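Structure record follows, encoded as structure tokens.
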Amino acid sequence: MPSREMAPNSEIHPESIRVENKVYSAKKLADLHPGGPLFIKAFSGRDASQAFLTYHRRQFPHQRVKEAFESTDETVTYSTDDHADFIDLCERIEKILPRSKSFAPWHYYVKVAFIMGSVFSLEAYMHYTKSYNWQLFAVMGWFYALIGLNIQHDANHGAISRNPVINRVLGASQNWIGGSAIAWIHQHVVQHHIHTNDVHLDPDIAGSIYIRLNPLKPLLKYHVVQHIYFFFLLALYGFSIVIQSLENVVSGAHHTPMSPLLKPHRVFETFMWSLFFLRWVITPVYQTGTFLTLLHSLPMYMVGGYYLAFFFSISHNFKGVHILEDTTRPSNKESSFLYKQVVSSSNVGGSFLCFMNGGLNYQIEHHLFPRISHTHYPKIAPTVKAFCLEKNIPYVHFPTIGENIRSCTQHLWDMGSNETPKNATIQAAKTLLVN
Numbered sequence: 001m002p003s004r005e006m007a008p009n010s011e012i013h014p015e016s017i018r019v020e021n022k023v024y025s026a027k028k029l030a031d032l033h034p035g036g037p038l039f040i041k042a043f044s045g046r047d048a049s050q051a052f053l054t055y056h057r058r059q060f061p062h063q064r065v066k067e068a069f070e071s072t073d074e075t076v077t078y079s080t081d082d083h084a085d086f087i088d089l090c091e092r093i094e095k096i097l098p099r100s101k102s103f104a105p106w107h108y109y110v111k112v113a114f115i116m117g118s119v120f121s122l123e124a125y126m127h128y129t130k131s132y133n134w135q136l137f138a139v140m141g142w143f144y145a146l147i148g149l150n151i152q153h154d155a156n157h158g159a160i161s162r163n164p165v166i167n168r169v170l171g172a173s174q175n176w177i178g179g180s181a182i183a184w185i186h187q188h189v190v191q192h193h194i195h196t197n198d199v200h201l202d203p204d205i206a207g208s209i210y211i212r213l214n215p216l217k218p219l220l221k222y223h224v225v226q227h228i229y230f231f232f233l234l235a236l237y238g239f240s241i242v243i244q245s246l247e248n249v250v251s252g253a254h255h256t257p258m259s260p261l262l263k264p265h266r267v268f269e270t271f272m273w274s275l276f277f278l279r280w281v282i283t284p285v286y287q288t289g290t291f292l293t294l295l296h297s298l299p300m301y302m303v304g305g306y307y308l309a310f311f312f313s314i315s316h317n318f319k320g321v322h323i324l325e326d327t328t329r330p331s332n333k334e335s336s337f338l339y340k341q342v343v344s345s346s347n348v349g350g351s352f353l354c355f356m357n358g359g360l361n362y363q364i365e366h367h368l369f370p371r372i373s374h375t376h377y378p379k380i381a382p383t384v385k386a387f388c389l390e391k392n393i394p395y396v397h398f399p400t401i402g403e404n405i406r407s408c409t410q411h412l413w414d415m416g417s418n419e420t421p422k423n424a425t426i427q428a429a430k431t432l433l434v435n
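For the sequence shown, position 127 matches number 127 in the UniProt record's numbering, and the numbering has no gaps at all.
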């Protein structure tokens, strides 16, 4: 495990949570949290300063949660100026999209009803008629990708509704498609979102022995052609979601250990995974009497996984992307939360792709404001872009998917050809060691 992962959090009790330089009881804070206890529990044992800021778009209200207060961490130096640029942007966004109106509009629920209704109807038809052909499985995979991008993603970020119950119920759609909501929150919300492209702390930049996304990983001979086979390997992503979700829930870890306060949730997660296995492995084989039926199900994992992985991959891997280290606390302008989130992400396309992909084509806006419903990203994007240009912060928006793919390919070639990438901006990462 990277040593820097332990440094900022090892001094925090597993059932405590630090915000700025104040330490709170995670259990008590979870009971006080209007957005529900799940997020607080997920960050237990960690520093949640940047997480609160990005989700609530304001400074932490220490005076309102005194009953959860435990101590002041004298080792942490905090100033309200640390995130002055982000607060400035939040104030501008507030003028065009108040926090109270940043959740999903009524027509979003129509889309949810259509997607979920289609999925339930198609699955019922397949089981009832024993129609387990590869074409229907491929369609199911596409709908699963739509669930992952449009429903579970916003729900598990708390962006659909002010009511945490609605978010939790719709967030469980991640379990329905073979994943785990709890494992996803730990991997995506707790780690990736706060430490985007951090060579030590972001699990998404870890890559694999076949894909080199992290400059600290060994450069192997076959990486020189990773820009070619990368887009083929994405077809395997769906299988890894299903397998790793169970593995992560059972082990209670992904890249780093999960919060101990999430342990009770892992029972439900395991049950839901077992239900997925029953629906798509046991039932088809029982209905048809042959294991060959499972071959027909492969397109479901391949289509769904590819669609999901493709758009996430091109968003954080492009020519000129910033590869970071030590994203735990700001020390200057170029290490502020705002700066690091913008330079490690990119956008592509416009409103139509936003509708289809749950706003993940507006990756910059999403990383800055994950609790804003994706339906509002086209509205706030011009303000974010103008602010970044004003502050001389690189803001990358590709007009077309083709241009984004070309840039991603160039980055992959760079990472696979040079021990120290030439076209990526590396902030001291090349000088660090991995344990």
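Backbone N, C-alpha and C define an ideal beta-carbon position, used for all residues, glycine too.
Remember, it's a predicted structure, so these values are computed and weren't measured experimentally.
- Burial is judged here by how many other beta carbons sit within 10 angstroms of a residue's own beta carbon; K319 has at least 16 and is buried.
- Judged by DSSP secondary structure, E70 falls within the beta strand (DSSP E) whose first and last residues are F69 to T72.
- Note on geometry: alpha-carbon atoms of F86 and E390 lie some 13 angstroms from one another.
- Your pair M302 and G141 checks out as a contact, with CB atoms roughly 7 angstroms apart and the cut at 8 angstroms.
- Note on geometry: alpha-carbon atoms of W413 and V267 lie some 42 angstroms from one another.
- Secondary structure at L324: strand, using DSSP grouped into helix, strand and coil.
- Here the C-alpha atom of L292 lies approximately 11 angstroms from the C-alpha atom of V281.
- In the displayed model, H397 falls within a strand according to three-state DSSP.
- Taking one beta carbon from each stretch, the segment 373–387 and the segment 163–181 have fewer than 3 pairs nearer than 8 angstroms; the two do not touch.
- In the three-state reduction of the DSSP assignment, T256 falls in the strand class, which pools E and B.
- Straight-line spacing of the CA atoms in A206 and Q363 works out to 19 angstroms.
- Counting only the Cα atoms, T270 lies some 36 angstroms from I405.
- Closest option to M300, judged by alpha-carbon separation, among N317, F276, T290 and F231: F276.
- Around the beta-carbon of G171, 16 or more other beta-carbon atoms lie within 10 Å, marking it buried.
- In the displayed model, D47 falls within a strand according to three-state DSSP.
- Under the three-state reduction of DSSP output, R406 falls in the helix class.
- In this structure, the straight-line span from the alpha carbon of H127 to that of N361 is close to 35 angstroms.
- Separation of H411 and S417 (C-alpha to C-alpha, rounded to the nearest whole angstrom) is 10 angstroms.
- Taking the C-beta atoms as reference points, E123 is found nearer than 9 angstroms to R279.
- In the structure shown, V224 falls within a helical segment according to DSSP collapsed to helix, strand and coil.
- Ranking L219, Y229, I182 and W106 by CA distance to the CA of W273 puts I182 first.
- Relative to S313, the option among S346, S336, L324 and L53 whose CA is nearest is S346.
- For R64, the secondary structure class from DSSP, reduced to helix, strand or coil, is helix.
- The criterion of a C-beta distance shorter than 9 angstroms is not satisfied by S16 and L262.
- A residue is called buried once 16 or more other Cβ atoms fall within 10 Å of its Cβ, and T77, having fewer, is exposed.
- In its chain, beyond the 5 residues on either side, no residue has a beta carbon closer than 7 angstroms to the beta carbon of F232.
- H376 and F103 have their alpha carbons spaced roughly 8 angstroms apart.
- Annotation: L216 to H188 spans about 21 angstroms, alpha carbon to alpha carbon.
- Shown here for P284: same chain residues with a beta carbon closer than 6 angstroms to its own, the five before and five after excluded, namely Y132 and T293 in chain order.
- Apart from sequence neighbours up to five positions away, the residues of its chain that approach L97 with a beta-carbon distance below 8 angstroms are I372, H376, K379 and I380, ordered along the chain.
- Taken through DSSP and simplified to helix, strand or coil, K422 comes out as coil.
- I12 and V23 do touch by the CB rule: their CB atoms are close to 7 angstroms apart, below 8 angstroms.
- Per DSSP, reduced to three states, the secondary structure at S100 is helical.
- If you check the CB distance, T54 and F369 come in under 9 angstroms.
- I17 is bridged by DSSP to Y24.
- If you compare the alpha carbons of C408, L295 and E365 with that of W134, the shortest gap goes to L295.
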